[in-house]
Every structure is written in structure tokens, then in C-alpha cells.
Amino acid sequence: MVRHRCIRSVLGVGAVVAALAASGAGWAQYKIVGPDGRVTYTDTLRPADAARATPLKISGMASTDSERAGAVAHLPSELREPVSRFPVVLYSQRGCQPCDTARTLLQTRGIPFSEKLITSDADFRQLAKLTGGDRSLPMLTIGQQLLRGLNSITWNSNLDAAGYPKTSRLPANYRQPPAVALAASAPASAELPVGPASKSKP
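Okay, here's the thing in C-alpha cells:
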């Protein structure tokens, strides 16, 4: 029997800090080399650091290189760089109202994204492996940044930091790729990062 937990409410402004703390974002997801050559590992990408940031690889959290290259080739110039560097993946479930709201947020803003459906025990096992046991939905990855639970302020600020336009630049004939089951699309050996991040100073 499939067991799941779908987050039922959108977090308010006052809960942003708590949401990030609860997200388990203690793993380094970006490497930033400063002007002085100093290297910082962080789980939060600030707009000022975006040009110097290199995403750290977390297996199984993004589309394949071939899928990404094919998608990028047909996009407007404003979208090619963010889609190449920080591809967006939505993890969702049918019958989950917050998941529907999350999908609408991305579509309204004109964010190209792939969607991974969690529908079976195998999907939930794969999700738990990727997230350290968390099965709450929806989730979003922007490059290797993992956002747990729907918070429109947090999602939009991270999309801004990744360089995505604030309003849609997608062509009128753009078609969203169909959602696919996570277990069917995941690599054979997905694994988690292996160490905690050192927070970058504000």
C-alpha cells in the first residue's frame, strides 16, 4: 500500500525561515569561487553569486544531459542559460492540490520544467532515497537546489537567483513535456551528497 503525505497549505511569509530550516538543506549544493579565489560551499544561491556558482552533482535530481540539450535548443535566448545551468524538476502526485498549484505557478511564470510523478511504492522509495527519507509533496529542484513544500515566495526567489525571467518568454507553440514516473526515469544508482554545507555569509 502506498503511503504518502501531501502538504496541504502554502507557507506564509513568516514561515519562510522555518520552511528552509526544515527542508534539510544542510548539504552543499553550490561551489562559489570569490574574486579573491576563496571557495565557499553553500546550499543557498544568492543573485550576486550566480555568475560564480557551480552546481554540485547530486545523482538523479535532474534531467539527463541529452534531454536537457534537446530542450534548450528550441528555447528563446533568455531561457537557454538558466535551463542549461539550473534545470527545473517538479516532483508531484495526482490528487494533490498543492502540487497542482505548484505546476500552475511554474506554467504561469513560463518556466520550462520536467515533472516526475510519484504514484507507486517504487516511486516513493526512489524519492526517499533522493531526499533522505522525506516524502512530502510537492518538491522542486532548481539545478541541485532542493525545495520541499510549496512556498511561492521561496520558489520565485530561487528562480530569480537562477536567472529565470520573471515573466514568460516561452513561444506560443511551446508544449510542456509529459510527466513521467520517477522510478521509471531515475538512474540505477542515485545517491545523496556526502557532507554538510558551510553556510555562505549574507
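Here the sequence shown stands for residues -28 to -1, 1 to 174, where the numbers follow mature numbering (1 follows the signal peptide of the UniProt record, and there is no 0). We put the CB at the ideal spot given by N, CA and C, even for glycine.
So if DSSP puts I83 in a beta bridge, which residue, or which two residues, is it bridged to? Your numbering for residue 83 matches position 111 in the sequence shown. Beta-bridge pairing links I83 to no other residue.
In its own chain, which residues sit with a C-beta less than 8 Å from the C-beta of A100, not counting the 5 before and 5 after it? Position 128 of the sequence shown, counted from the start, is the residue given in the question as residue 100. So the list reads D106, R107, once near-sequence residues are dropped.
Pick out whichever of N130, Q69, V5, P149 has its Cα sitting closest to the Cα of R24. One-based indexing of the sequence shown puts residue 24 at position 52. It is V5.
Whole angstroms is fine: what's the gap from P54's alpha carbon to G67's? Residue numbering aside, residue 54 sits at position 82 when the sequence shown is read from its first letter. Residue numbering aside, residue 67 sits at position 95 when the sequence shown is read from its first letter. Cα to Cα, the separation comes out at about 30 Å.
Beta-carbon separation of L62 and L47 under 8 Å? In the sequence shown, the residue the question calls residue 62 occupies position 90. In the sequence shown, the residue the question calls residue 47 occupies position 75. Taking 8 Å as the Cβ cut-off, L62 and L47 do not qualify as a contacting pair.
Could you pull out every residue in the same chain whose Cβ sits closer than 7 Å to the Cβ of R97, ignoring the five residues on either side in sequence? Here residue 97 corresponds to residue number 125 of the sequence shown, with the count starting at 1. Cβ neighbours of R97 beyond the five flanking positions: none.
Let me confirm a value: D93 is counted as buried when at least 16 other C-beta atoms fall within 10 Å, else exposed. Which label applies? As a working mapping, residue 93 is identified with position 121 in the sequence shown. Exposed, since its Cβ has fewer than 16 Cβ neighbours within 10 Å.
Return helix, strand or coil for K138, following the three-state DSSP convention. By one-based count along the sequence shown, residue 138 stands at place 166. In the structure shown, K138 sits in coil (DSSP, three-state: anything other than H, G, I, E or B).
Note down the Cα distance separating A22 from G135, rounded to an integer number of angstroms. Here residue 22 refers to the residue found at position 50 when the sequence shown is read from its first residue. Here residue 135 refers to the residue found at position 163 when the sequence shown is read from its first residue. Approximately 8 Å between the Cα atoms of the pair.
Cβ neighbours of A34 in the same chain (closer than 8 Å, five flanking residues each side left out): As a working note, residue 34 is residue 62 in the sequence shown. Here the model assigns A34 a pLDDT of 41, short of 50, so the residue's position is not dependable, and the following value carries that caveat. Taken in chain order, the residues that qualify are R40, P59, V61, T113, G115, Q116.
Are Q65 and I83 closer than 8 Å when you measure CB to CB? Translated into the one-based positions of the sequence shown, residue 65 becomes position 93. Translated into the one-based positions of the sequence shown, residue 83 becomes position 111. The answer is no: Cβ separation not under 8 Å.
In angstroms with no decimal places, state the Cα-to-Cα distance between L154 and G104. Your numbering for residue 154 matches position 182 in the sequence shown. Your numbering for residue 104 matches position 132 in the sequence shown. If I take the Cα positions, the gap works out to 16 Å.
Tell me which residues share the same chain as R141 and place their Cβ nearer than 7 Å to its Cβ, disregarding the 5 neighbours each side in the sequence. To locate residue 141, count along the sequence shown from 1; it is residue 169. Excluding residues within five positions, the ones whose Cβ falls inside 7 Å are P48, E50, L51, G82.
For L118, the three-state DSSP class (helix, strand or coil): Here the question's residue 118 lines up with position 146 in the sequence shown. Residue state, collapsed to three classes: strand.
Length of the line joining the Cα atoms of R120 and P7: For the purposes of this step, residue 120 is taken as residue 148 along the sequence shown, with counting starting at 1. For the purposes of this step, residue 7 is taken as residue 35 along the sequence shown, with counting starting at 1. Cα to Cα, the separation comes out at about 32 Å.
Indicate whether P70 and L102 have their beta-carbon atoms separated by less than 8 Å. Within the sequence shown, the letter at position 98 stands for residue 70. Within the sequence shown, the letter at position 130 stands for residue 102. Cβ distance not < 8 Å, so P70 and L102 don't count as in contact.
Residue from L118, T12, V152, T80 with nearest C-alpha to E87: Taking the first residue of the sequence shown as position 1, residue 87 is located at position 115. Of L118, T12, V152, T80, the residue nearest in Cα terms is V152.
What does a CB cutoff of less than 7 Å around Y146 pick up in its chain, not counting 5 residues either side in sequence? Taking the first residue of the sequence shown as position 1, residue 146 is located at position 174. Taken in chain order, the list of residues that qualify is empty.
Given that a residue counts as buried once 16 or more other Cβ atoms are within 10 Å of its Cβ, and exposed if not, what is P126? On the sequence shown, residue 126 is found 154 positions in, with the first residue counted as 1. The sequence as given places Thr at residue 126; Pro does not occur at that position. T126 should be labelled buried.
Would you mind sorting residue 226 into buried or exposed? The rule is 16 or more other CB atoms within 10 Å of its CB. This structure cannot speak to residue 226, because the chain is shown only from -28 to 174.
Suppose the cutoff is 6 Å on Cβ atoms and the five residues either side in sequence are ignored; what does the same chain contact list for M111 look like? Here residue 111 corresponds to residue number 139 of the sequence shown, with the count starting at 1. Taken in chain order, the residues that qualify are Y63, R120.
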